[in-house]
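Undergrad: If you want my numbering, it's the position in the sequence shown, counting the first as 1, plus 1256. Have a look at this one.
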Amino acid sequence: MNFTETAWKVFNKSIEDYHVSDDVNTLINNPFEKDTLERILYAKNWIDTVQWHLEDIIRDENIDPVEALQLKRAIDASNQKRTDLVEFIDSWFLKKYESVTPKPDAKINTETIAWAVDRLSILALKVYHMSLEANRDSASEEHRANCQAKLDVLTAQHEDLSTSINQLLTDIENGDVKMKVYKQMKMYNDESLNPVLYQKGQQK
1257 MNFTETAWKV
1267 FNKSIEDYHV
1277 SDDVNTLINN
1287 PFEKDTLERI
1297 LYAKNWIDTV
1307 QWHLEDIIRD
1317 ENIDPVEALQ
1327 LKRAIDASNQ
1337 KRTDLVEFID
1347 SWFLKKYESV
1357 TPKPDAKINT
1367 ETIAWAVDRL
1377 SILALKVYHM
1387 SLEANRDSAS
1397 EEHRANCQAK
1407 LDVLTAQHED
1417 LSTSINQLLT
1427 DIENGDVKMK
1437 VYKQMKMYND
1447 ESLNPVLYQK
1457 GQQK
């Protein structure tokens, strides 16, 4: 089983486990051993899955404004955790390939492995939920057909993205691509960088 096959299996395990209770307040119960890549991938997708449903809830037109603000704060915090974990995954791969010497003409990819894995995790959620819609008995036949067509596209994207990630890993292992990681440096959660936050602090 190659890397993306393993990741896809772990992501779907996380998605299925979440939907046992289908509650954004459910605490993660990671089934994989400590310090394994599978455990990290499961945690990554769990964050994505909870955030997916937080985004659904906040779009309720009748939502109480106070609850909406609380949800916005929860989504912001989730985004920060997501970014931190993506960067941790990149660090994991940097450690894995630290002994590889890139070739003099090695290329630099526009996207790190972990951010490609982030897209794969989100794609697993899209496939799961589109499949539900394509098979929802209460929906019209037209709706199911439209969703099946979208599901077919998502399936093709899964195949292409998986191939691309595996090729990138091979290129890094062979020294054809130089692995270089940049921190995202998100500013909105940082009280020293977000003007709204630090100006408020100065007014006290």
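Yeah, the Cβ is synthetic: ideal placement off N, Cα and C, and Gly gets one too. The structure displayed is predicted, hence computed values, not measured ones.
To the nearest whole angstrom, what separates the beta carbons of S1270 and T1292, a pair I think is in contact under 8 Å?
TA: Position 14 of the sequence shown holds residue 1270. Position 36 of the sequence shown holds residue 1292. No, S1270 and T1292 are not in contact; Cβ-Cβ is about 14 Å, not under 8 Å.
Undergrad: Count the CB pairs spanning the stretch 1322-1335 and the stretch 1257-1268 that are closer than 8 Å, and state whether there are at least three.
TA: No: fewer than three Cβ pairs fall under 8 Å.
Undergrad: Taking DSSP's pairing of strands, which residues face I1364 in a bridge?
TA: In the sequence shown, the residue the question calls residue 1364 occupies position 108. Paired residues: K1434.
Undergrad: What is the DSSP secondary structure of R1392, counted as helix, strand or coil?
TA: Taking the first residue of the sequence shown as position 1, residue 1392 is located at position 136. Reduced to three states, the DSSP call for R1392 is coil.
Undergrad: Mapping the DSSP letters down to three states, classify S1270 as helix, strand or coil.
TA: Numbered from its first residue, the sequence shown carries residue 1270 at position 14. Helix at S1270.
Undergrad: Under the rule that 16 or more other beta-carbon atoms within 10 Å means buried, what is M1386, buried or exposed?
TA: In the sequence shown, residue 1386 corresponds to position 130, counting from 1. Classification for M1386: buried.
Undergrad: May I ask you to report which of helix, strand or coil DSSP gives L1283?
TA: Position 27 of the sequence shown holds residue 1283. Coil.
Undergrad: At what residue ranges does the stretch 1326-1370 contain a whole run of the beta strand (DSSP E), taking only runs of 3 or more?
TA: DSSP runs (the beta strand (DSSP E)) wholly in the stretch 1326-1370: none.
Undergrad: Tell whether a beta-carbon distance below 8 Å holds between D1346 and I1369.
TA: Start at 1 with the first residue of the sequence shown, and residue 1346 comes out as number 90. Start at 1 with the first residue of the sequence shown, and residue 1369 comes out as number 113. Yes. Within cutoff.
Undergrad: So for N1318, helix, strand or coil by DSSP?
TA: Residue mapping note: residue 1318 aligns to position 62 of the sequence shown, counting from 1. Residue state, collapsed to three classes: coil.
Undergrad: Rounding to the nearest angstrom, what Cα-Cα distance links R1375 and K1290 in this structure?
TA: Translated into the one-based positions of the sequence shown, residue 1375 becomes position 119. Translated into the one-based positions of the sequence shown, residue 1290 becomes position 34. Their backbone Cα atoms lie some 24 Å apart in a straight line.
Undergrad: In three-state DSSP terms, what is D1427?
TA: Start at 1 with the first residue of the sequence shown, and residue 1427 comes out as number 171. In this structure, D1427 counts as helix in the three-state DSSP scheme.
Undergrad: Within the same chain, show all residues whose beta-carbon is closer than 8 Å to that of R1295, passing over the 5 residues directly before and after it, in chain order.
TA: Here residue 1295 corresponds to residue number 39 of the sequence shown, with the count starting at 1. Closer than 8 Å at the Cβ level, and outside the excluded window around R1295, lie N1286, F1288 and E1289.
Undergrad: Can you give the beta carbon distance from K1363 to D1432, rounded, assuming they're within the 8 Å contact cut?
TA: Reading the sequence shown from its first residue, position 107 is the one you call residue 1363. Reading the sequence shown from its first residue, position 176 is the one you call residue 1432. At roughly 7 Å, the Cβ-Cβ gap stays under 8 Å, so K1363 and D1432 are in contact.
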